[in-house]
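Enquirer:
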Amino acid sequence: MAFWQWFKGIPPRTRIIVGVGIMAYSAVGLYLSDKAEEKFGLTPTDKDREELRNALPKITTVEKRNP
């Protein structure tokens, strides 16, 4: 709870700057990770995507019978 109390104690403008900074850091990380995947040849192929679709559990709905 100490972090939350500290965060609530700083001025609102500073909280906004901290929040925007965290979002910018995250966006840069997402962008750079995509570029790193391309550079190292780790982009998924169509075969990889199909294997992933087959590995995911499938959900089917079953209608309830009225007694």
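Heads up: the sequence shown begins at 285 in this note's numbering, then just goes up one per residue. Beta carbons: idealized from backbone N, C-alpha and C, even for Gly.
Taking the alpha helix (DSSP H) that Val346 falls in, what are its first and last residues?
Expert: Unbroken run through Val346: none, as it is neither H nor E.
Enquirer: Mapping the DSSP letters down to three states, classify Gly325 as helix, strand or coil.
Expert: Of the three classes helix, strand and coil, the one that applies to Gly325 here is coil, per DSSP.
Enquirer: Alpha carbon to alpha carbon, how far is Asn338 from Asp332?
Expert: If I take the Cα positions, the gap works out to 10 Å.
Enquirer: Go ahead and pull the three-state DSSP assignment for Pro296.
Expert: Here Pro296 sits in helix by DSSP.
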